[in-house]
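> My questions all concern the structure below.
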Amino acid sequence: MNEIVEEFRRRFGRDPEWVVAAPGRVNLIGEHTDYNDGFVLPMAIERHTVIAAARRDGGAEPSINAVSLNLDEEDEFAVERGSLESTGKWTDYIKGVLAEFLERGLAPESLDLLVSSDVPMGCGLSSSAALQVAMARVLQQLDSERVSDEEVPALCQTAEHKFAGVPVGIMDQFCIANARQNHLVFLDCRTLRAEHIPFNDPDKAVLIVDSKVSRELRSGAYAERRAECDEACRIMGIAKLRDAGEETVKAARKSLGDVCYRRARHVTAENSRTIEAVAAIGHKDWVRFGDLMYRSHDSLRNDFEVSCEEIDTLVDMARNIGIAGGVFGARMTGGGFGGCVVALIEKIKADDIVEELTAGYRRATDKALSAYVSSPESGARLLEPHDMESL
Ligand code: ADP
Ligand code: MG
């Protein structure tokens with residue numbers, strides 16, 4: 003049996019009742035569009051947050067005892083409707099989801115939880131949403147009537163707003179809950195309708211490069227960008243930037259002012275690029291897809307101003323390697339100010355590309371990057387014993 007089951011037995015003296023796994027995610031294109039009701043194109047990655055869980059007889063005062071093997075931390079808190087509060091600890095992500103379930107009528111119960119993950123934390127691959135969606139899957143096992151699969155992404159998004167204080171969009175939670183193996187998730191963030199786009203060319207791969215630049219200012223700057231987008235909408239008299247075309251933004255340039263104009267220009271152009279990228283995949287036009295990635299990056303750097311020097315360095319190095327070296331395109335991915343670069347590459351050249359990026363990045367920044375190659379993975383699920391072998 004899998005290590006986490008062994009560890010659960012060791013710590014809690016019995017078998018887990020359920021083991022769930024939720025993947026991390028990477029967004030290929032469509033950045034900072036989700037909270038503008040636009041389009042995104044993420045995929046789940048072959049890295050997972052696993053929770054092993056079992057009910058415990060907690061008497062009259064139910065509590066959760068949660069252990070993270072990654073942090074080597076244990077936290078115990080009471081399970082009571084209306085009284086859960088964020089404390090700045092990692093368990094806020096669990097508590098936030100639990101609070102939403104309790105509000106929808108879940109009966110408080112005591113639980114032991116063991117969390118183990120190979121999604122790197124704080125790098126923009128959404129370990130936070132993986133933890134949340136995994137927790138939601140556990141609670142769905144407790145009471146299958148309370149929350150439907152369709153409700154999980156928005157529920158987790160609300161939990162992140164309330165308990166982590168970051169006004170995130172719906173992309174991460176939606177992708178992590180609903181992704182399909184060998185498919186990208188083309189999501190319309192207004193209607194929450196998703197198209198699962200086949201992405202299974204055996205010669206192509208998605209390379210994720212972690213810059214190891216921590217995104218310390220991210221939550222403040224993220225909220226600031228959101229506010230600027232809302233301000234642009236107010237000036238143009240529209241509900242969301244989704245409702246503006248590139249022409250509308252151009253026409254409103256004067257009244258928008260420089261900053262709001264550039265923010266709006268990024269979002270509207272990025273929506274168009276995302277739609278175009280889906281078409282490019284349909285035609286297996288990888289060169290076109292790669293070009294859209296580079297243009298997305300330039301727009302995020304210049305207009306949306308959420309990149310940073312190290313990330314720009316990595317994208318420039320990818321550009322220099324170019325198609326001859328097996329790189330079709332690259333861009334920053336995630337909220338920005340550090341985190342990861344995503345690239346579309348020729349699979350057979352992956353090792354050479356990583357080697358070249360590693361050496362160049364060290365020369366330029368004195369930092370050591372981490373790189374992951376992934377195919378599109380399926381969304382969060384309850385594991386059967388035979389699944390556990392493969393994680
Ligand atoms: P990202 O979602 O990009 O990885 P965030 O800062 O949004 O970065 O989320 C990272 C936080 O999520 C961690 O600091 C921790 O609080 C929580 N977290 C994620 N995975 C785990 C885990 N396996 N164990 C404990 N906490 C986790
Ligand atoms: Mg996160």
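Each position in the sequence shown, counted from 1, maps to that position plus 2 in the numbering used here. Here a beta-carbon is modelled for each residue, glycine too, at the ideal position from N, C-alpha and C.
#1: Within the same chain, show all residues whose beta-carbon is closer than 6 Å to that of arginine 83, passing over the 5 residues directly before and after it, in chain order.
#2: Can you tell which of Ser372, Arg182, Asp39, Asn72 has its C-alpha closest to the C-alpha of aspartate 353?
#3: Going by DSSP in three states, threonine 360 sits in which element: helix, strand or coil?
#4: Give, in chain order, every unbroken run of the alpha helix (DSSP H) that is at least 4 residues long and sits entirely within the region 230 to 268.
#5: Identify every run of the beta strand (DSSP E) within the region 278 to 339, keeping only runs that are complete inside it and at least 3 residues long; order them along the chain.
#6: List in chain order: all unbroken beta strand (DSSP E) runs of 3+ residues lying wholly within the region 66 to 154.
#7: Quick check on DSSP: helix, strand or coil for alanine 1?
#8: Among residues of its own chain, excluding the 5 on either side of glutamate 19, which ones have a beta-carbon nearer than 7 Å to its beta-carbon?
#9: What does a CB cutoff of less than 7 Å around isoleucine 178 pick up in its chain, not counting 5 residues either side in sequence?
#10: Buried or exposed, going by whether 16 or more other CB atoms sit within 10 Å of the CB of isoleucine 350?
#11: When we look at the beta-carbon of arginine 364 and count the other beta-carbons within 10 Å, is it buried (16 or more) or exposed?
#12: Output the boundary residues of the alpha helix (DSSP H) element that contains alanine 177.
#13: Tell me the residue span of the beta strand (DSSP E) that contains phenylalanine 201.
#14: Do you know how far the Cα of arginine 290 is from the Cα of valine 269?
#15: Helix or strand or just coil, what does DSSP make of serine 372?
#16: If you run the structure through DSSP and keep just helix, strand and coil, what is glycine 26?
#17: Which residues does DSSP pair with isoleucine 210 in a beta bridge?
#18: Indicate whether the contact test is met: 3 or more Cβ pairs, each with one atom in the region 166 to 184 and one in the region 254 to 265, closer than 8 Å.
#19: Taking the Cβ atom as the reference point for each residue, do glycine 337 and valine 375 lie within a distance shorter than 8 Å?
#20: Give a yes or no on whether the C-beta atoms belonging to phenylalanine 10 and leucine 116 are separated by under 8 Å.
#21: Rounding to the nearest angstrom, what Cα-Cα distance links histidine 285 and alanine 166 in this structure?
#22: Comparing the CB of serine 128 with every heavy atom of the ligand MG, is any distance shorter than 7 Å?
#23: Beta-carbon within less than 7 Å of leucine 346's beta-carbon, same chain only, minus the 5 sequence neighbours each way: which residues are those?
#24: With 16 as the cutoff for other CB atoms within 10 Å, does isoleucine 199 come out buried or exposed?
#25: Who are the Cβ neighbours of glutamate 48 in its own chain at under 6 Å, not counting the five residues just before and after it?
#26: By how many angstroms is the C-alpha of cysteine 235 removed from the C-alpha of arginine 255?
#27: Please confirm whether alanine 138 and leucine 157 have their CB atoms less than 8 Å apart.
#28: Between alanine 131 and the ligand MG, is there a pair consisting of the residue's CB and a ligand heavy atom that are separated by less than 7 Å?
#29: Out of curiosity, what's the CA-to-CA distance linking asparagine 322 and leucine 359?
#30: Please report the straight-line C-alpha distance between alanine 370 and alanine 361, rounded to a whole angstrom.
#31: Please list, in chain order, all residues of the same chain as aspartate 368 whose beta carbon is under 6 Å from its beta carbon, the five residues on each side excluded.
#32: Ends of the alpha helix (DSSP H) at arginine 12?
#33: So who's on the other strand from arginine 58, going by DSSP bridges?
#34: Any heavy atom of the ligand ADP within a distance shorter than 7 Å of the CB on tyrosine 95?
#35: Let me know the secondary structure DSSP gives arginine 275 once reduced to three states.
In short, the structure shows the following:
#1: Locating residue 83 in the sequence shown gives position 81, counting from the first residue. Excluding positions up to five away in sequence, the list reads Leu104.
#2: Walking along the sequence shown from the start, residue 353 turns up at place 351. The shortest Cα separation from aspartate 353 among Ser372, Arg182, Asp39, Asn72 belongs to Ser372.
#3: Counting from 1 along the sequence shown, the entry for residue 360 is found at position 358. Of the three classes helix, strand and coil, the one that applies to threonine 360 here is helix, per DSSP.
#4: 248 to 253
#5: 329 to 335
#6: 75 to 80, 112 to 119
#7: This structure does not reach residue 1, given that the chain is present from 3 up to 393, and the question cannot be answered.
#8: For the purposes of this step, residue 19 is taken as residue 17 along the sequence shown, with counting starting at 1. Only Ala55, Ala56, Arg57 meet the Cβ criterion.
#9: Here residue 178 refers to the residue found at position 176 of the sequence shown. Only Ala24, Pro25, Arg27, Ala46, Ser128, Ala131, Ala132, Val135, Gly381, Ala382 meet the Cβ criterion.
#10: The count along the sequence shown starts at 1 and reaches residue 350 at position 348. Classification of isoleucine 350: exposed, given that the 10 Å Cβ count is below 16.
#11: Locating residue 364 in the sequence shown gives position 362, where the first residue counts as 1. Exposed, because fewer than 16 other Cβ atoms sit within 10 Å of the Cβ of arginine 364.
#12: Mapped onto the sequence shown, residue 177 falls at position 175. Checking the sequence, you will find cysteine at residue 177 rather than alanine. Unbroken alpha helix (DSSP H) run through cysteine 177: 173 to 180.
#13: Sequence index remark: in the sequence shown, residue 201 carries index 199 (1-based). Run containing phenylalanine 201: none; DSSP gives neither H nor E here.
#14: Taking the sequence shown and counting its residues from 1, the one referred to as residue 269 is at position 267. Taking the sequence shown and counting its residues from 1, the one referred to as residue 290 is at position 288. Going by the C-alpha atoms only, they are around 20 Å apart.
#15: Here residue 372 refers to the residue found at position 370 of the sequence shown. Of the three classes helix, strand and coil, the one that applies to serine 372 here is strand, per DSSP.
#16: Your numbering for residue 26 matches position 24 in the sequence shown. Looking at glycine 26 - three-state DSSP - the assignment turns out to be strand.
#17: The residue labelled residue 210 in the question sits at position 208 within the sequence shown. In DSSP, isoleucine 210 forms a bridge with Val344, Tyr374.
#18: no
#19: On the sequence shown, residue 337 is found 335 positions in, with the first residue counted as 1. On the sequence shown, residue 375 is found 373 positions in, with the first residue counted as 1. Contact: no.
#20: Against the sequence shown, residue 10 aligns to sequence position 8. Against the sequence shown, residue 116 aligns to sequence position 114. Yes; because the gap between Cβ atoms is below 8 Å, this pair is in contact.
#21: Within the sequence shown, residue 285 is the residue found at index 283, counting from 1. Within the sequence shown, residue 166 is the residue found at index 164, counting from 1. Going by the C-alpha atoms only, they are around 41 Å apart.
#22: Sequence index remark: in the sequence shown, residue 128 carries index 126 (1-based). Yes; taking the cut-off as 7 Å, the Cβ of serine 128 has a heavy atom of the ligand MG nearer than that.
#23: Sequence index remark: in the sequence shown, residue 346 carries index 344 (1-based). So the list reads Lys206, Val208, Trp288, Phe291, Gly292, Met295, Phe330, Gly331, once near-sequence residues are dropped.
#24: Position 197 of the sequence shown, counting from 1, holds the residue named residue 199. Buried is the call here.
#25: In the sequence shown, residue 48 corresponds to position 46, counting from 1. Same-chain partners within the cutoff: Ser376, Glu379.
#26: The sequence position of residue 255 within the sequence shown is 253, counting from 1. The sequence position of residue 235 within the sequence shown is 233, counting from 1. Near 12 Å, if we compare the C-alpha coordinates of cysteine 235 and arginine 255.
#27: Taking the sequence shown and counting its residues from 1, the one referred to as residue 138 is at position 136. Taking the sequence shown and counting its residues from 1, the one referred to as residue 157 is at position 155. Contact: yes.
#28: Counting from one through the sequence shown, the residue named residue 131 turns up at place 129. It does: the Cβ of alanine 131 is within 7 Å (strictly closer) of some heavy atom of the ligand MG.
#29: Against the sequence shown, residue 322 aligns to sequence position 320. Against the sequence shown, residue 359 aligns to sequence position 357. Rounded to whole angstroms, asparagine 322 to leucine 359 spans 10 Å at the Cα level.
#30: In the sequence shown, counting from the first residue as 1, residue 370 sits at position 368. In the sequence shown, counting from the first residue as 1, residue 361 sits at position 359. The alpha-carbon atoms of alanine 370 and alanine 361 are separated by roughly 9 Å.
#31: In the sequence shown, the residue the question calls residue 368 occupies position 366. Excluding residues within five positions, none has a Cβ falling inside 6 Å.
#32: Position 10 of the sequence shown, counted from the first residue, corresponds to residue 12. From DSSP, the alpha helix (DSSP H) with arginine 12 extends over 5 to 14.
#33: Translated into the one-based positions of the sequence shown, residue 58 becomes position 56. Arginine 58 pairs with Ser112.
#34: Stepping through the sequence shown from its first residue, residue 95 is reached at position 93. Yes, the ligand ADP has a heavy atom inside 7 Å of this Cβ.
#35: The sequence position of residue 275 within the sequence shown is 273, counting from 1. Three-state result, arginine 275: helix.
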